[in-house]
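*Asks:*
Residue numbers (the UniProt record's numbering): 1 to 525.
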């Protein structure tokens, strides 16, 4: 939000509003009938009265083909604009339009939509068949949010809808399309769509993201191989309305491809795979980048030197900072958003949704979640070898239990996963099954672990570890007795075992400990 007090997050068909001071959910904006793909807080106005009035207003866009204007302080839907096509991305530059003799704020939305290509429209009009993969294309359109209608024709047509990025001033916007950056110069004073101009910057690899410098004519692009390109002086000829002699231009075009309109191009490389986000610091001295490694890399723009924010545990997706740049947030593929104190990037709060399970074909045959009915919690195995306890009623994470003490690297091949989790009715006992996959048909291992509840719900301590409880067979199910400290495990080898808890074990310091042992074995056909 404009005052940095709230964080607005697209979450399914709604927008969740969180407090940045507590990390707790404050309210939800519900009105879209498709996934919400963009949320834009109305930019602050020059007039103090106008700024105060619009401080809690935002626009959202969704795959239902609507743009919605909200007062997010009261979760009130103010108005809707119909686009008639799924909206995948939206920006609203801070531009003005002349009304009689005064310049007033004019909300124009630049949207990236999925729509019929021009050729598909022509072919359908002629009754010709259209291939599905060639039927839908991405289009970049402009909508007048006051009048609720499209302005002019499409700015661009791409193979698929692309994410739009806008500069801080609203003067430039761009998209990464295949091996090019498309950049448009937007007239921010007395806006007229006919005065928009475009340039194209080329690269040898597929570009995945871009960012504009806050004050200078510098744009950064990240590609699918992990490289970062810095174009300085872009649009010097076309956007400035000047045309230098060819010999003069060539002298200052280090690293620039062909006839691209830029002064120089520098390449940096640290990321091992695609760059997911780029963001300049508010003073423009640094560039932040993130990707699969789960690391925020801070590049010094003048020297190319870098430093790092330690691993955040999951690949990074997006990065946003508050208007005063004191707080930033980064979202991850594990459905978490971290609030960071800037500039040291210390994690202040973490907003956690339900984490994604590990992608394994073995897990598709059964439900691997457990339920703590007493406390209203669901226990979910996660990619990073944890059990996440999540309160479905309050929609918040309660805790995480680390099942396997192993370093988790998102880019690694799957070598281990949690195949089962089971909880007793009272929620005081937990059982987990972890599977280590064999390498070249050697070294596979199934481990059964029993856990005791700690001082609060969702907190567990390891009690007993049993390796290969059913010899070479995998475990198909585990269930606790409803009234006794007893559990039964069954295997794919057609046998089952009854496990009981013993409290008579003594530790080295003389304290009593609980452990689990096999009481009996049975088989079935």
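Backbone N, C-alpha and C define an ideal beta-carbon position, used for all residues, glycine too.
Is the separation between the beta-carbon of residue 112 and that of residue 163 shorter than 8 Å?
*Replies:* yes
*Asks:* Output the boundary residues of the beta strand (DSSP E) element that contains residue 379.
*Replies:* Residue range 377 to 381 is occupied by the beta strand (DSSP E) that includes residue 379.
*Asks:* Rank 147, 154, 127, 128 by C-alpha distance to the C-alpha of residue 138 and give the top, closest one.
*Replies:* Per the C-alpha coordinates, the member of 147, 154, 127, 128 positioned closest to residue 138 is 154.
*Asks:* Span of the beta strand (DSSP E) holding residue 30?
*Replies:* Residue 30 -> beta strand (DSSP E) spans 25 to 30.
*Asks:* Could you tell me the boundaries of the beta strand (DSSP E) in which residue 337 lies?
*Replies:* Looking at the DSSP string, the run of the beta strand (DSSP E) that includes residue 337 is 336 to 341.
*Asks:* On a CA-only basis, which of 436, 471, 221, 399 is nearest residue 455? Give me that one, please.
*Replies:* 399
*Asks:* Between the Cα of residue 73 and the Cα atoms of 67, 85, 55, 331, which residue gives the shortest distance?
*Replies:* 55
*Asks:* Out of curiosity, what's the CA-to-CA distance linking residue 283 and residue 370?
*Replies:* 48 Å
*Asks:* On the three-state DSSP scale, how would you describe residue 200?
*Replies:* The answer is strand: DSSP assigns residue 200 an E or B state.
*Asks:* Quick one: residues in its chain with C-beta nearer than 6 Å to the C-beta of residue 184, no 5 flanking neighbours on either side, listed in chain order?
*Replies:* 173, 196, 198
*Asks:* Whole angstroms are fine: how far does the CA of residue 356 sit from the CA of residue 334?
*Replies:* 6 Å
*Asks:* Among residues of its own chain, excluding the 5 on either side of residue 245, which ones have a beta-carbon nearer than 6 Å to its beta-carbon?
*Replies:* Note that residue 245 scores a pLDDT of 42, beneath 50, so its modelled location is shaky and nothing firm can be said.
*Asks:* In the DSSP assignment, what residue or residues form a beta bridge with residue 485?
*Replies:* Bridge partners of residue 485: none, in fact.
*Asks:* Output the distance between the C-alpha atoms of residue 146 and residue 181, rounded to the nearest integer angstrom.
*Replies:* Taking C-alpha positions only, residue 146 is separated from residue 181 by approximately 30 Å.
*Asks:* Give the range of the beta strand (DSSP E) segment to which residue 62 is assigned.
*Replies:* 57 to 62
*Asks:* Quick one: using the 10 Å Cβ neighbour count with 16 as the cut-off for buried, is residue 22 buried or exposed?
*Replies:* exposed
*Asks:* Can you tell me which of 491, 499, 493 puts its alpha carbon nearest to the alpha carbon of residue 485?
*Replies:* Cα-wise, what sits closest to residue 485 is 499.
*Asks:* Could you give the distance in angstroms between the alpha-carbon of residue 525 and the alpha-carbon of residue 477?
*Replies:* 16 Å
*Asks:* Kindly indicate which three-state DSSP category residue 122 falls into: helix, strand or coil?
*Replies:* helix
*Asks:* Is it the case that the Cβ atoms of residue 430 and residue 460 are separated by a distance below 8 Å?
*Replies:* yes
*Asks:* Which runs of the alpha helix (DSSP H), 4 residues or longer, sit entirely within the segment 435 to 477?
*Replies:* Counting whole runs of 4 or more residues, the segment 435 to 477 contains no alpha helix (DSSP H) stretch at all.
*Asks:* Between which two residues does the beta strand (DSSP E) carrying residue 291 extend?
*Replies:* 286 to 291
*Asks:* Note the first and the last residue of the continuous beta strand (DSSP E) segment covering residue 332.
*Replies:* 327 to 332 is the extent of the beta strand (DSSP E) around residue 332.
*Asks:* Does the distance from the CB of residue 225 to the CB of residue 277 come in under 8 Å?
*Replies:* The answer is no: Cβ separation not under 8 Å.
*Asks:* My guess is that residue 114 and residue 75 are in contact by the Cβ rule of under 8 Å, so how many angstroms apart are they, rounded?
*Replies:* About 28 Å separates the two Cβ atoms, so there is no contact after all.
*Asks:* Flag residue 452 as yes when its Cβ comes closer than 7 Å to any non-hydrogen atom of the ligand MN, and as no otherwise.
*Replies:* As presented, the structure is devoid of all ligands, the ligand MN included, so that no description of it is given.
*Asks:* Taking Cβ positions only, does residue 164 come closer than 8 Å to chain D?
*Replies:* Checking the listed chains, one finds no chain D in this structure; it contains a single protein chain.
*Asks:* Ordered along the chain, which non-local residues of its own chain (more than five positions away) have a Cβ less than 6 Å from that of residue 322?
*Replies:* 4
*Asks:* Quick check on DSSP: helix, strand or coil for residue 283?
*Replies:* Three-state DSSP puts residue 283 in coil, outside helix and strand.
*Asks:* Name the DSSP beta bridge partners of residue 232, please?
*Replies:* 218, 264
*Asks:* Can you say whether residue 492 is buried or exposed, counting buried as having 16 or more other CB atoms within 10 angstroms of its CB?
*Replies:* exposed
*Asks:* According to the Cβ coordinates, are residue 312 and residue 332 closer than 8 Å?
*Replies:* yes
*Asks:* Which residues does DSSP pair with residue 321 in a beta bridge?
*Replies:* BP columns for residue 321 point to 328.
*Asks:* What do you get for residue 292, buried or exposed, if any count of 16 or more other CB atoms within 10 angstroms of its CB means buried?
*Replies:* buried
*Asks:* Under the rule that 16 or more other beta-carbon atoms within 10 Å means buried, what is residue 465, buried or exposed?
*Replies:* exposed
*Asks:* Of the residues 343, 453, 380, which one's Cα is nearest the Cα of residue 358?
*Replies:* Cα-wise, what sits closest to residue 358 is 380.
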